[in-house]
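Take a look at the structure set out below.
Here you go:
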């Protein structure tokens with residue numbers, strides 16, 4: 074009987090683990106699909122002759138602020154983290170989006186979606202320095218292969234005679250810079266969603282991202298918007314981009330909270346394969362053989378990195394050490410009893 078119970082318990086544990094893994098994989102693929110769709114709509118907007126990367130971000134952040142801000146107002150929930158941390162996170166995220174979207178003006182969708190792999194080594198460095206995470210030699214070797222793939226991609230775009238866009242090298246540099254900002258954003262968001270309410274985090278990214286985007290738009294993009302000849306196709310492309318970006322920001326905190334930035338980045342990288350397939354079969358463009366070699370190097374590096382991953386060290390606690398998310402009503406009684414639980 075004891076043996077039977079042990080077998081049943083072992084089988085049940087493995088089934089639950091398999092279901093959890095499947096759930097994470099499906100959730101990660103939804104994130105990847107939303108990012109691929111966002112990249113596709115950005116490429117469509119560029120093909121229609123519109124140069125408005127900041128406007129795309131404004132629509133995304135506005136939708137986040139309205140939806141999740143409405144949830145916070147309904148809950149009458151106090152902020153758990155000081156506003157200036159959210160301002161910093163919003164600024165970093167806006168720059169990542171701006172550089173990423175701007176890159177479509179100069180290089181191909183394949184280069185944009187493949188070069189964002191640069192976020193992996195950047196995330197390793199940032200988590201090592203700021204969160205105290207330590208990685209094995211095999212993990213670092215896998216990350217090195219990813220960097221090698223990035224170098225091959227740069228070589229490929231340099232050799233293509235205009236096939237990768239009007240200024241492919243400039244576009245590649247913009248993508249890499251955007252990936253660095255995205256890595257900082259992912260690490261900061263992971264730190265927050267594992268400690269406080271994800272609704273607050275997404276809402277504040279929307280609010281302060283919108284604020285930063287409006288300031289940049291007023292100084293950098295007004296003339297470009299005035300020259301746009303709006304049509305149904307352009308409007309629908311902007312709406313599609315905002316909807317796919319909203320889905321991406323909504324799903325990312327779930328993956329970060331359940332498994333961390335590693336699972337998120339690995340899941341997002343599957344969109345690169347879809348982008349290459351899209352370029353071959355939908356755009357009818359030729360792909361340089363170096364692309365395949367670069368993608369193979371990145372893929373092998375990711376496999377080595379993921380299969381040799383150790384349990385990450387705990388993220389440092391907030392100042393008050395309180396990990397529980399508690400809704401704080403804005404009445405006098407709860408303000409007195411909960412006031413010390415906020416992180417300022």
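In this note's numbering, the protein residues as written are 74 to 417. Glycine included, each C-beta is placed from N, C-alpha and C at the ideal position. In this text the structure is predicted, and so the values were computed from the model without any measurement.
- Judged by beta-carbon spacing, residue 286 lies beyond the 8 angstroms limit of residue 157, meaning their Cβ atoms are not closer than that value.
- The closest CA to that of residue 176, considering only 361, 119 and 106, is found on 119.
- Contact between the stretch 269 to 282 and the stretch 135 to 144 is present: three or more C-beta pairs spanning the two stretches fall below 8 angstroms.
- If you ignore the 5 residues before and after residue 165, its C-beta comes within less than 8 angstroms of the C-beta of 254, 257, 258 and 261, all in its own chain and listed in chain order.
- Residue 213 and residue 374 do not touch by the CB rule: their CB atoms are close to 10 angstroms apart, not below 8 angstroms.
- Around residue 334, the same chain offers 196, 259 and 263 as residues with beta carbons nearer than 6 angstroms, after the five sequence neighbours per side are excluded.
- At the C-beta level, residue 126 and residue 171 come within 8 angstroms of one another.
- Residue environment for residue 239: exposed (fewer than 16 other C-beta atoms within 10 angstroms of its C-beta).
- Ranking 185, 272, 131 and 276 by CA distance to the CA of residue 108 puts 185 first.
- When the Cα atoms are used, residue 300 and residue 132 turn out to be separated by approximately 19 angstroms.
- DSSP places residue 154 within a strand segment (E or B) once states are collapsed to three.
- Cβ-Cβ distances below 7 angstroms link residue 124 to 178 and 297 in the same chain, with the five nearest sequence neighbours on each side left out; the list follows chain order.
- Non-local C-beta neighbours of residue 199 in its own chain, meaning closer than 7 angstroms and more than five positions away in sequence, comprise 256, 257 and 260, ordered along the chain.
- For residue 205, no alpha helix (DSSP H) segment is defined, and its DSSP state is neither H nor E.
- Following the DSSP letters along the chain, one finds residue 291 inside the alpha helix (DSSP H) bounded by residues 271 to 293.
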